[in-house]
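Participant:
Put into structure tokens, the structure is as follows:
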């Protein structure tokens, strides 16, 4: 056991042991002297709170921190890396929240940041030395948080979190089964959301962006099949929940029911061949200005 950090506040928000045997961590720091390693992607903090990405060396013994790799990542505002995952090729993905107007974006499907809190998703190569795809999702009329990320064998990305100002949400291939009548008017309720991108040899494209149907948030996500996503979170009034599986007493079923939920979201997409190793997601580099 050991400590790692700088002279200010530091926190690891996610630690994962990957199928390839890597121990990865992501988080947030306010320290300008966080101990990064030689040859890292971003040696210095650019702003206030900054995302941090680490890989720990499981074979290293001793009292010193077993950090094999550590880097800052972010822009001139506040950034956090809430969760980190690895795909079947060893590429690394983070999801989080940022209000940096200069958050790094890469790829033809990438959106530029708006200097308001929004969802950020970034894909690195296996060595965390190059950004393959990076995007900001949000707008000046609402607050977004990036909470969880999952990646399929094909490199498809699905992320989830919470958004207010749902009347301004940018639906794309909206999943109508999750519709809520209240979305027809401008309001500032909170709801969970899903964003999904499809990977190919030419880059990322959006499969869908959708809200989840009622007040609450989405905290976790996973992909179990090409068109099947599993979501978990908390809801105050979700009419889409299948009442067959409700376990609350009948007296409180309905719009006033609240509590944790889990659901499977499916959409039909064509079966595709696996892309080339490390494929898609902005391998050509450059910043995007539209989604």
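Residue numbers (my numbering): 1 to 291. The beta-carbon is built from N, C-alpha and C at its ideal position, and this holds for glycine as well.
Could you check whether residue 223 and residue 150 sit closer than 7 Å to each other, using their CB atoms as the reference points?
Facilitator: Along the chain shown, read from residue 1 onward, the residue named residue 150 stands at position 150. Along the chain shown, read from residue 1 onward, the residue named residue 223 stands at position 223. Against a cut-off of 7 Å, the Cβ pair of residue 223 and residue 150 comes out as a contact.
Participant: Answer with yes or no whether the minimum CB distance from residue 114 to chain D is below 7 Å.
Facilitator: Looking at the structure shown, chain D is missing, and only one protein chain is on hand.
Participant: So, do the stretch 122-141 and the stretch 161-171 have three or more beta carbon pairs nearer to each other than 8 Å?
Facilitator: yes
Participant: Spatial neighbours of residue 198 within its chain, please: CB distance less than 6 Å, with the 5 preceding and 5 following residues excluded, ordered by chain position.
Facilitator: Your numbering for residue 198 matches position 198 in the chain shown. 156, 205 and 207.
Participant: Since residue 14 contacts residue 26 with CB under 8 Å, what's their CB separation in whole angstroms?
Facilitator: Locating residue 14 in the chain shown gives position 14, where the first residue counts as 1. Locating residue 26 in the chain shown gives position 26, where the first residue counts as 1. With 8 Å as the limit, residue 14 and residue 26 qualify as a contact, their Cβ atoms being about 5 Å apart.
Participant: Among residues of its own chain, excluding the 5 on either side of residue 152, which ones have a beta-carbon nearer than 7 Å to its beta-carbon?
Facilitator: What you label residue 152 is simply residue 152 of the chain shown in a count that begins at 1. Once the five neighbours on either side are set aside, the close Cβ partners of residue 152 are 223 and 226.
Participant: Do residue 218 and residue 212 have their CB atoms nearer than 7 Å?
Facilitator: What you label residue 218 is simply residue 218 of the chain shown in a count that begins at 1. What you label residue 212 is simply residue 212 of the chain shown in a count that begins at 1. Result yes, Cβ atoms of residue 218 and residue 212 sit closer than 7 Å.
Participant: How would you call residue 38, buried or exposed, if buried means at least 16 neighbouring beta carbons within 10 angstroms?
Facilitator: The residue labelled residue 38 in the question sits at position 38 within the chain shown. Residue 38 is exposed by the Cβ-count criterion.
Participant: Have a look at residue 10 and residue 46 and give me their C-alpha separation to the nearest angstrom.
Facilitator: Sequence index remark: in the chain shown, residue 10 carries index 10 (1-based). Sequence index remark: in the chain shown, residue 46 carries index 46 (1-based). Distance between the alpha carbons of residue 10 and residue 46 is about 15 Å.
Participant: Grab the span of the beta strand (DSSP E) containing residue 302 for me, first residue to last.
Facilitator: Look at the range of the chain in this structure, 1 to 291, and you will see that residue 302 is not part of it.
Participant: Answer yes or no: do residue 121 and residue 135 have a C-beta to C-beta separation smaller than 7 Å?
Facilitator: Position 121 of the chain shown holds residue 121. Position 135 of the chain shown holds residue 135. Going by C-beta atoms, residue 121 is nearer than 7 Å to residue 135.
Participant: Compute the beta-carbon to beta-carbon distance between residue 91 and residue 126, rounded to the nearest angstrom, for a pair I have assumed lies under 8 Å.
Facilitator: Taking the first residue of the chain shown as 1, we reach residue 91 at position 91. Taking the first residue of the chain shown as 1, we reach residue 126 at position 126. Indeed, because the Cβ distance is near 6 Å, the residues count as touching under 8 Å.
Participant: Mapping DSSP to helix, strand and coil, what is residue 3?
Facilitator: Residue numbering aside, residue 3 sits at position 3 when the chain shown is read from its first letter. Residue state, collapsed to three classes: coil.
Participant: Going by C-alpha to C-alpha distance, which of 17, 148, 131 and 44 sits closest to residue 119?
Facilitator: Here residue 119 corresponds to residue number 119 of the chain shown, with the count starting at 1. Of the listed residues, the one whose Cα sits closest to residue 119 is 148.
Participant: Determine the extent of the beta strand (DSSP E) in which residue 233 is found, giving its start and end residues.
Facilitator: Here the question's residue 233 lines up with position 233 in the chain shown. For residue 233, the enclosing beta strand (DSSP E) begins and ends at 228-235.
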